[in-house]
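Asker: Sharing a structure below in structure tokens format, with a few things to ask.
Number of protein chains: 2
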Amino acid sequence: MTETVSPGDSPVDAPRLDRQVCFAMYAASRAATAAYRPMLDELGLTYPQYLVMMVLWEDQPRGVRELGQELGLDSGTLSPLLKRLESLGFVERRRSAADERRVEVFLTAAGATLSARATGIPQRLADAAGLSAAELDQLRETLGRLTAALQSGR
Amino acid sequence: MTETVSPGDSPVDAPRLDRQVCFAMYAASRAATAAYRPMLDELGLTYPQYLVMMVLWEDQPRGVRELGQELGLDSGTLSPLLKRLESLGFVERRRSAADERRVEVFLTAAGATLSARATGIPQRLADAAGLSAAELDQLRETLGRLTAALQSGR
DNA sequence: CGCAGATAGGTTGTGCACAATTGAATTGTG
DNA sequence: CACAATTCAATTGTGCACAACCTATCTGCG
Chain Y
118 MTETVSPGDS PVDAPRLDRQ VCFAMYAASR AATAAYRPML DELGLTYPQY
168 LVMMVLWEDQ PRGVRELGQE LGLDSGTLSP LLKRLESLGF VERRRSAADE
218 RRVEVFLTAA GATLSARATG IPQRLADAAG LSAAELDQLR ETLGRLTAAL
268 QSGR
Chain V
118 MTETVSPGDS PVDAPRLDRQ VCFAMYAASR AATAAYRPML DELGLTYPQY
168 LVMMVLWEDQ PRGVRELGQE LGLDSGTLSP LLKRLESLGF VERRRSAADE
218 RRVEVFLTAA GATLSARATG IPQRLADAAG LSAAELDQLR ETLGRLTAAL
268 QSGR
């Protein structure tokens with residue numbers, strides 16, 4: 118008895134990779150992260166760490182839960198990530214005195230300074246994207262609706 | 118000396134999360150994977166495993182390197198993933214006799230059968246996406262150009 | 001007050017991603 | 001033929017994601 122299937126046969130109705138929006142998003146997202154990498158390396162950050170720093174640059178301190186809501190990440194991802202950011206010297210975590218369950222994440226001076234060095238990154242990436250500003254805008258808007266629709270169905 | 122920065126200050130030029138296409142892709146990609154999860158759970162596959170199976174459903178056997186080119190993944194990701202697919206009984210890996218460096222990945226009968234059960238998945242996801250077919254088409258096309266542009270600049 | 005349920009954050013375990021390295025097999029070139 | 005360069009897959013190490021579970025703290029209600 119042959120274990121495997123004879124080569125070359127392609128089931129007619131099998132899902133095809135090249136038609137799938139989801140694979141396009143998966144591939145594009147990884148390509149974008151890869152394009153960020155050399156720039157973020159200079160700052161000593163990974164892409165998810167950069168996202169957390171962006172949230173903090175906008176307003177701080179923030180609780181772990183708040184960060185998670187902004188980014189769609191849970192404590193299982195954020196707790197170790199924040200520890201790494203702390204050991205890098207970019208943030209400090211402190212238990213809230215008012216609510217001992219909360220951990221507030223503060224920027225250090227080094228973490229705040231980093232925002233200046235990050236200023237040009239989005240523009241450099243937009244340039245590498247090869248799309249017009251209008252296309253990027255529309256892409257962002259469409260992806261936002263898509264994300265919302267996918268999340269609502271749960 | 119205070120370690121942290123006084124709360125509330127927001128550097129003017131810091132990159133802002135809500136304007137970034139890259140975050141929109143990152144979030145949408147994770148949302149799509151999450152939307153797939155309950156359907157793929159029924160098949161016993163993760164999303165990357167499903168991608169590999171789709172490539173094999175189209176044509177098999179395939180070398181590890183070919184799979185990697187289709188999906189943009191390297192052997193560091195694929196080798197353990199393929200071992201898991203093998204221990205699940207969906208594929209079989211064999212050293213090529215003609216070129217002992219190559220490992221060819223074959224579908225087993227169970228792996229081939231799985232494609233029938235996966236038939237409806239893309240449509241179910243498209244329905245959950247809340248976008249028109251035209252919008253999904255355009256999104257896929259735009260993401261394809263974006264991925265190509267980001268990869269070319271390396 | 002007392003305590004059930006909710007909430008916040010952390011831990012564990014699995015499975016990607018990806019850089020860097022390794023080792024075996026093959027190819028190209030003299 | 002010899003052998004350096006290349007190709008292929010696997011391995012190692014780091015860092016996400018995310019489910020499942022855990023503990024401590026807080027809140028509301030009787």
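Protein sequences appear in the order of chains Y and V. Take 118 as the starting number for the first sequence in my numbering and just add one per residue. Take 118 as the starting number for the second sequence in my numbering and just add one per residue. Backbone N, C-alpha and C define an ideal beta-carbon position, used for all residues, glycine too.
1. Using DSSP with H/G/I as helix, E/B as strand and the rest coil, what is G189 of chain Y?
2. How would you label P197 of chain Y, buried or exposed, when you count the other beta carbons within 10 angstroms and need 16 or more for buried?
3. Please state whether DSSP places M118 of chain V in a helix, a strand or coil.
4. Is the beta carbon of L253 of chain Y less than 8 Å from the beta carbon of A245 of chain Y?
5. Could you give the first and the last residue of the continuous beta strand (DSSP E) run that contains E209 of chain Y?
6. Check whether the Cβ of P132 of chain Y lies closer than 8 Å to any Cβ atom in chain V.
7. Roughly how many whole angstroms lie between the Cα atoms of Q137 of chain V and A144 of chain V?
8. So L224 of chain Y is in the alpha helix (DSSP H); what residue range does that whole segment cover?
9. Using CA coordinates, which residue listed in V:Q255, V:G237, V:E175 is at the minimum distance from E159 of chain V?
10. Which whole-angstrom value is the C-beta distance of T230 of chain Y and T121 of chain V, which I expect to be below 8 Å?
11. Taking Cβ-Cβ distances shorter than 7 Å, what residues in chain V pair up with Q268 of chain Y?
12. Under DSSP, the alpha helix (DSSP H) around D176 of chain Y begins and ends at which residues?
13. From the beta carbon of A251 of chain Y, is the nearest beta carbon of chain V less than 8 Å away?
14. Please go through the same chain and pick out, in chain order, the residues whose beta-carbon is closer than 6 Å to the beta-carbon of E217 of chain V, but skip the five residues on each side of it.
Answerer: So, to answer that:
1. coil
2. exposed
3. Because the pLDDT at M118 of chain V is just 44, under 50, the model does not fix this residue reliably, and the value given afterwards should be weighed accordingly. Here M118 of chain V sits in coil by DSSP.
4. no
5. Following the DSSP letters along the chain, one finds E209 of chain Y inside the beta strand (DSSP E) bounded by residues 208 to 212.
6. yes
7. 11 Å
8. Not the alpha helix (DSSP H): L224 of chain Y falls in the beta strand (DSSP E), residues 220 to 224.
9. V:G237
10. About 12 Å separates the two Cβ atoms, so there is no contact after all.
11. A148
12. Run containing D176 of chain Y: none; DSSP gives neither H nor E here.
13. Cβ-Cβ to chain V under 8 Å: no for A251 of chain Y.
14. none
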